[in-house]
Amino acid sequence: GKQWYQRRVRGISPALFLSFADMLLLLLTTIVAVTAATGEDYGLGSFNILPVVPFPQEAEMYSTARRSLDPEVFRITPTPNIQEDKVIASSIARYEFYFSRFKPLPTSPDGTLTSLTLTVHSPSTPLSIGVDESYSLTISPSSPTASITAETRFGAVRGLETFYQLYNVTDGTFPSVNIKDYPRFAYRGFLIDTSRHFLPVESIFKVIQGLSMSKFNVLHWHIVDDPSFPYYSPSFPGLAEKGAYDMNHVYTISDVLRVTSYAEDHGILVVPEFDTPGHTLSWGKSLENFLTYCPGIGTFGGDYGPINPSIDANFGILQKLLAEVTSVFPGGWLHLGGDEVPFKCWQSNKELVAWMKQQGVKTFSDLESYYEEKLLDIVHGLNTSYVVWEEIFNNGLHIQPDTIIHVWKGKWNETMAKVVKAGYKTILSSPWYLNYITFGDDWVKYYEVEPYDIPGATPEELQLVIGGEACMWGEFVDATNILSRTFPRASAVAERLWSSQKVRDRKDMSFRLDKHRCGMCAREIPAESILHRGYCPYEFDGYDWH
Amino acid sequence: GINAEYGQAVIEPLTFAFVTKSRSALVREVFDRYHKYLRLHDFHQSLNVTLGKLEVVVKDPNEELLLETSENYTLSVTSESATLQADTVFGVIRGLETFSQLLNTYNYTLPSVHIEDYPRYKFRGFMLDTSRHYVSVSVLKLIIKAASWSKMNIFHWHIVDDPSFPYCSYTYPELCEKGAYSPDHVYSQTDVLDIIVFAYKHGVIVIPEMDTPGHTLSWGKALPGFLTYCPGHGNIGAPYGPVDPTNEEVYSVLRNLFAEVTNVFPAQFVHLGGDEVHYPCWKKNENITQWMAAHNMTGDYDALENYYEQRLLDIVNSLHKNYIVWEEVFYHHVKITPQTIVHAWKPNWKRIFQQATTAGYRCILSAGWYISRIYYGEDWQKFYQLDPRSFNDTATPDQLALVMGGTVCMWGEHIDNSNVVSRFWPRASAPAERLWSPEYITDVEFMEPRLEAHRCRMVMRGYPAEPMTLRGHCQHEYTWRRKHE
Numbered sequence: 051g052k053q054w055y056q057r058r059v060r061g062i063s064p065a066l067f068l069s070f071a072d073m074l075l076l077l078l079t080t081i082v083a084v085t086a087a088t089g090e091d092y093g094l095g096s097f098n099i100l101p102v103v104p105f106p107q108e109a110e111m112y113s114t115a116r117r118s119l120d121p122e123v124f125r126i127t128p129t130p131n132i133q134e135d136k137v138i139a140s141s142i143a144r145y146e147f148y149f150s151r152f153k154p155l156p157t158s159p160d161g162t163l164t165s166l167t168l169t170v171h172s173p174s175t176p177l178s179i180g181v182d183e184s185y186s187l188t189i190s191p192s193s194p195t196a197s198i199t200a201e202t203r204f205g206a207v208r209g210l211e212t213f214y215q216l217y218n219v220t221d222g223t224f225p226s227v228n229i230k231d232y233p234r235f236a237y238r239g240f241l242i243d244t245s246r247h248f249l250p251v252e253s254i255f256k257v258i259q260g261l262s263m264s265k266f267n268v269l270h271w272h273i274v275d276d277p278s279f280p281y282y283s284p285s286f287p288g289l290a291e292k293g294a295y296d297m298n299h300v301y302t303i304s305d306v307l308r309v310t311s312y313a314e315d316h317g318i319l320v321v322p323e324f325d326t327p328g329h330t331l332s333w334g335k336s337l338e339n340f341l342t343y344c345p346g347i348g349t350f351g352g353d354y355g356p357i358n359p360s361i362d363a364n365f366g367i368l369q370k371l372l373a374e375v376t377s378v379f380p381g382g383w384l385h386l387g388g389d390e391v392p393f394k395c396w397q398s399n400k401e402l403v404a405w406m407k408q409q410g411v412k413t414f415s416d417l418e419s420y421y422e423e424k425l426l427d428i429v430h431g432l433n434t435s436y437v438v439w440e441e442i443f444n445n446g447l448h449i450q451p452d453t454i455i456h457v458w459k460g461k462w463n464e465t466m467a468k469v470v471k472a473g474y475k476t477i478l479s480s481p482w483y484l485n486y487i488t489f490g491d492d493w494v495k496y497y498e499v500e501p502y503d504i505p506g507a508t509p510e511e512l513q514l515v516i517g518g519e520a521c522m523w524g525e526f527v528d529a530t531n532i533l534s535r536t537f538p539r540a541s542a543v544a545e546r547l548w549s550s551q552k553v554r555d556r557k558d559m560s561f562r563l564d565k566h567r568c569g570m571c572a573r574e575i576p577a578e579s580i581l582h583r584g585y586c587p588y589e590f591d592g593y594d595w596h
Numbered sequence: 003g004i005n006a007e008y009g010q011a012v013i014e015p016l017t018f019a020f021v022t023k024s025r026s027a028l029v030r031e032v033f034d035r036y037h038k039y040l041r042l043h044d045f046h047q048s049l050n051v052t053l054g055k056l057e058v059v060v061k062d063p064n065e066e067l068l069l070e071t072s073e074n075y076t077l078s079v080t081s082e083s084a085t086l087q088a089d090t091v092f093g094v095i096r097g098l099e100t101f102s103q104l105l106n107t108y109n110y111t112l113p114s115v116h117i118e119d120y121p122r123y124k125f126r127g128f129m130l131d132t133s134r135h136y137v138s139v140s141v142l143k144l145i146i147k148a149a150s151w152s153k154m155n156i157f158h159w160h161i162v163d164d165p166s167f168p169y170c171s172y173t174y175p176e177l178c179e180k181g182a183y184s185p186d187h188v189y190s191q192t193d194v195l196d197i198i199v200f201a202y203k204h205g206v207i208v209i210p211e212m213d214t215p216g217h218t219l220s221w222g223k224a225l226p227g228f229l230t231y232c233p234g235h236g237n238i239g240a241p242y243g244p245v246d247p248t249n250e251e252v253y254s255v256l257r258n259l260f261a262e263v264t265n266v267f268p269a270q271f272v273h274l275g276g277d278e279v280h281y282p283c284w285k286k287n288e289n290i291t292q293w294m295a296a297h298n299m300t301g302d303y304d305a306l307e308n309y310y311e312q313r314l315l316d317i318v319n320s321l322h323k324n325y326i327v328w329e330e331v332f333y334h335h336v337k338i339t340p341q342t343i344v345h346a347w348k349p350n351w352k353r354i355f356q357q358a359t360t361a362g363y364r365c366i367l368s369a370g371w372y373i374s375r376i377y378y379g380e381d382w383q384k385f386y387q388l389d390p391r392s393f394n395d396t397a398t399p400d401q402l403a404l405v406m407g408g409t410v411c412m413w414g415e416h417i418d419n420s421n422v423v424s425r426f427w428p429r430a431s432a433p434a435e436r437l438w439s440p441e442y443i444t445d446v447e448f449m450e451p452r453l454e455a456h457r458c459r460m461v462m463r464g465y466p467a468e469p470m471t472l473r474g475h476c477q478h479e480y481t482w483r484r485k486h487e
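Here the protein sequences come in this chain order: Y and P.
Mapping to my numbering: the first sequence position 126 is 176, numbers consecutive.
Mapping to my numbering: the second sequence position 50 is 52, numbers consecutive.
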């Protein structure tokens with residue numbers, strides 16, 4: 051028969067109540083025991099009793115009993131207060147669909163699971179960064195009903211994902227567990243760049259699916275930049291009409307709302323970035339006098355550089371555009387960019403230099419400061435949280451105390467030490483530029499980063515580190531390869547941001563991560579392999595070609 | 003050469019016809035394929051159609067696909083008429099691909115051109131490892147089809163290796179029953195035939211590799227005594243190492259298995275592997291030590307390896323197949339037949355080429371074309387700049403003639419269905435051009451826009467071929483199938 055390929059399942063002592071650290075120890079012992087027991091596996095992979103990524107904060111094992119899922123009767127049943135809710139209804143439909151696709155397997159002697167109940171205490175809490183995402187999940191050996199209890203709908207979404215990951219697709223069973231889980235960091239982001247290469251909405255949906263599988267909660271949408279301006283603004287339609295690659299490469303307001311709504315269903319908040327005053331070449335195609343003129347030394351060696359701060363009308367444009375953006379994107383967050391502003395274009399423009407003299411603006415740092423202060427005045431009127439790249443802090447600009455500093459350059463530990471000392475909240479990206487691919491197991495170096503590795507920071511200052519963000523910049527990346535480059539490499543970052551600081555065993559993670567990516571492949575997200583050999587019970591099968 | 007003239011042809015994709023006097027069903031199947039490609043574009047413009055058909059002439063009705071088979075074609079397009087002449091149907095396949103690439107998909111025009119085209123190298127291969135990770139039949143077909151768009155003609159199928167044995171042999175069914183990852187991770191005889199026929203219809207020859215005596219761990223699960231037992235010194239944590247060359251039963255297994263493989267795969271060649279044989283396992287095995295003493299080989303493990311290879315080659319010779327071997331077999335001085343192709347994969351490939359061609363052997367190159375290794379940025383450029391005939395400035399014409407071409411290799415450590423297509427294409431198209439086009443076509447700046455256009459064409463045909471440039475776009479971007487909404 052087919053038994054020769056099935057992984058052996060090793061039991062553990064019943065009624066063990068474990069902290070996560072004990073849990074890990076137990077996992078490792080189990081791995082060793084199982085590898086020894088299944089010598090013919092040649093170290094291919096190990097049976098892992100809690101193959102969850104990110105690893106939960108607290109888990110206790112009831113017993114070795116493993117109930118099987120009966121896909122024909124299995125239902126996820128919400129409490130009445132959330133039955134009509136869009137996030138809950140779409141999530142239930144999603145997970146019931148995933149389970150319906152698994153092949154039926156023989157029933158476990160320990161019994162079956164026929165339903166999963168969802169209980170949410172505060173069903174009207176909207177999605178925000180810092181919203182309560184905690185949940186508890188119980189799969190009891192004595193009951194055919196499992197349960198997830200959460201304060202908010204978004205905690206329930208996280209719990210559903212954990213439930214999915216606990217399912218062993220080769221024998222069709224669940225472990226008996228009690229999990230209490232919550233994120234370590236409130237901000238767990240992922241950046242997509244749709245300016246260098248465009249991503250069709252369907253491919254952004256796929257990215258969102260994969261992110262939610264790793265319990266990310268922020269999609270940082272770097273929507274426009276130098277090469278193209280795909281955001282189709284009703285206030286300034288010319289920006290996309292002239293600045294997009296072409297009109298098949300734009301996001302209409304309807305597209306944006308589809309993305310934000312789809313993201314919300316997955317517990318993900320979309321933070322749009324309109325990066326200024328640099329990285330704005332594409333804006334200039336439709337806006338006269340918006341960019342600084344500097345023949346031959348502008349962006350990409352062209353004739354235009356950053357926004358020209360000496361022209362007051364430019365701030366009127368920014369005011370109108372950002373007011374529109376904050377009304378289109380729900381959630382009340384905005385990323386203002388502010389990185390990599392080259393001064394040589396400004397320096398070469400005689401009119402601008404004359405204006406500076408007249409206004410008493412002495413240096414080009416002061417000019418940048420002038421620009422940012424006017425921009426932040428605008429943003430303050432929009433009632434939104436906002437993030438800026440670290441240059442705004444590094445260059446000593448006058449910034450409001452509620453500004454969030456996004457660290458992306460080298461020596462991040464030192465930069466963050468200064469940022470938190472100055473009392474600003476901060477987000478880490480420096481070690482997590484996933485677009486820089488290298489051959490081999492580069493996920494390990496992402497995994498081993500510790501965001502609290504900040505010299506001299508006090509516990510209060512560490513509280514200002516609100517999280518981190520993996521970045522997939524758009525050079526060399528588009529819909530063809532973004533998914534396999536992102537997943538599961540980004541999931542290593544996700545675990546660092548969600549799980550306890552003490553969860554860091556690389557070997558254990560390699561097995562869990564490979565299994566995690568197999569769970570993605572089963573859901574038609576092409577996530578690449580982690581182990582150097584092996585297979586997924588359900589291989590990726592989602593190409594559709596002519 | 004290409005002679006562009008003024009005056010473009012305008013075609014209407016829905017009614018455009020390929021016509022021929024040939025009676026071949028294969029020719030018509032190829033027509034059907036290229037009709038589909040022409041119709042992929044939405045068009046909303048009114049067209050002043052000037053060209054209604056392409057007349058295709060096939061000189062030789064013989065449809066056997068061999069390494070020597072002519073792939074030459076002549077393509078003439080003017081605003082009013084177009085003809086494609088080829089010696090064989092495989093020349094038609096190459097010519098129609100060129101014709102489809104000439105089409106400007108924004109305005110349905112083709113330039114007036116006269117093209118005489120033929121490959122510079124006869125052996126233009128791509129290798130895929132399906133043992134470390136399994137690749138589904140449908141995805142193998144994607145790769146084969148995309149290879150034909152870059153006019154490659156050899157699929158080197160590294161079908162089995164240490165981690166798994168997905169080939170389902172009819173002689174030894176237990177090899178895949180016990181050696182594959184699971185019953186879902188196998189290539190049945192039907193699958194293998196499906197791949198061979200599919201490849202044939204794209205002008206691609208499938209050459210299987212059954213690598214021995216190393217890289218055979220997965221064989222051992224079904225064949226007790228086949229591998230050398232050496233606890234602590236085996237492969238990837240197992241107590242077994244290479245094939246046990248002292249066991250006579252090994253050779254009867256090899257005889258039966260290679261008899262099968264050479265029947266199943268119609269190619270003239272079989273790849274025998276022979277790379278990376280590690281001696282520590284043999285050294286630890288008492289029986290082998292005793293056997294070597296009895297055969298006056300004490301301590302000489304090169305001699306033991308040669309003994310094995312010679313027995314294997316005798317078997318394959320008796321099956322009347324030619325073979326390809328990794329370079330180790332050549333430089334260990336195993337007696338190989340004059341028809342053998344030596345496959346260089348290590349950094350010192352130039353020395354191997356020099357020695358092998360001096361000795362009169364044919365060579366193919368893979369060193370430098372390991373596309374499974376990824377680098378940030380435009381790594382295709384260094385693949386592009388490598389020429390297999392650049393091994394020695396003073397090589398004689400006879401030596402150069404022995405350089406058959408090369409093979410881009412996709413080893414399986416980090417790839418499977420999820421990423422193999424985007425990792426293959428269009429990066430492999432860079433060496434593909436090196437192997438097909440004239441020697442003097444080497445300028446990366448001339449190649450870059452063509453490569454990007456080529457990848458966008460693949461995307462339009464529904465393939466996730468990845469971008470090769472810092473920024474840009476395709477007319478139609480890749481879209482994922484939507485099942486989950």
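Just so it is clear, CB atoms sit at the ideal spot from N, CA and C, and this is done for glycine as well.
For residue i versus residue j, is the C-beta spacing smaller than 8 Å?
i, j, result
"serine 336 of chain Y", "lysine 292 of chain Y", "yes"
"leucine 478 of chain Y", "tryptophan 462 of chain Y", "yes"
"glycine 54 of chain P", "tyrosine 75 of chain P", "no"
"histidine 270 of chain Y", "glutamate 201 of chain Y", "no"
"alanine 420 of chain P", "alanine 577 of chain Y", "Correcting the residue type first, residue 420 of chain P is serine in the shown sequence and not alanine. A contact, by the Cβ cut-off of 8 Å."
Out of the options, which has the shortest C-alpha to C-alpha gap to residue i?
i, options, result
"proline 252 of chain Y", "Y:Tyr436, Y:Asn267, Y:Ala313", "Per the sequence presented here, residue 252 of chain Y reads as glutamate, with proline not at that position. Glutamate 252 of chain Y has its Cα closest to that of Y:Ala313, out of Y:Tyr436, Y:Asn267, Y:Ala313."
"threonine 199 of chain Y", "Y:Phe224, Y:Ser172, Y:Leu216", "Y:Ser172"
"lysine 565 of chain Y", "Y:Asn267, Y:Thr530, Y:Tyr588", "Y:Tyr588"
"aspartate 348 of chain Y", "Y:Leu289, Y:Asn399, Y:Leu447, Y:Lys424", "Checking the sequence shown, residue 348 of chain Y turns out to be glycine, not aspartate. The candidate whose alpha carbon is nearest that of glycine 348 of chain Y is Y:Asn399."
"tryptophan 413 of chain P", "Y:Thr465, Y:Leu384, Y:Phe489", "Y:Phe489"
"phenylalanine 510 of chain P", "P:Leu42, P:Glu250, P:Ser320", "Because chain P is modelled from 3 through 487, residue 510 of chain P falls outside the range shown and cannot be assessed."
"isoleucine 198 of chain P", "P:Pro349, P:Pro210, P:Glu31", "P:Pro210"
On the DSSP bridge list, what partners appear for residue i?
i, result
"arginine 116 of chain Y", "Y:Pro225"
"threonine 169 of chain Y", "Y:Thr199"
"threonine 127 of chain Y", "Y:Thr167"
"histidine 158 of chain P", "P:Met129, P:Ile209"
"proline 322 of chain Y", "Y:Trp271"
"histidine 456 of chain Y", "Y:Trp439, Y:Ile477"
So with CB distances below 9 Å, who are the chain P contacts of residue i?
i, result
"threonine 223 of chain Y", "Correct list: empty, because the minimum Cβ distance to chain P is about 18 Å."
"alanine 577 of chain Y", "Ser420, Asn421"
Taking residue i as the query, report the chain P residues whose CB atoms sit under 7 Å from its CB, ordered along the chain.
i, result
"phenylalanine 248 of chain Y", "His475, Glu479"
Give the interface partners of residue i over in chain P, defined as CB-CB distance under 8 Å, in chain order.
i, result
"histidine 582 of chain Y", "Arg134, Glu415, His416"
"glutamate 291 of chain Y", "Near glutamate 291 of chain Y there are no residues of chain P at all, since even the closest Cβ is about 15 Å away, more than 8 Å."
"histidine 272 of chain Y", "Ordered by position in chain P, no residue passes the 8 Å Cβ test against histidine 272 of chain Y, which lies about 13 Å from the chain."
Just to make sure I have the definition right: I need the residues of chain Y whose C-beta is within less than 8 Å of the C-beta of residue i. Which are they?
i, result
"arginine 375 of chain P", "Phe489"
"leucine 274 of chain P", "Correct list: empty, because the minimum Cβ distance to chain Y is about 22 Å."
Name the chain Y residues that come within less than 7 Å of residue i, Cβ to Cβ?
i, result
"valine 461 of chain P", "Thr530"
- request: Identify every run of the alpha helix (DSSP H) within the segment 332–391 of chain Y, keeping only runs that are complete inside it and at least 4 residues long; order them along the chain.
  value: 362–378
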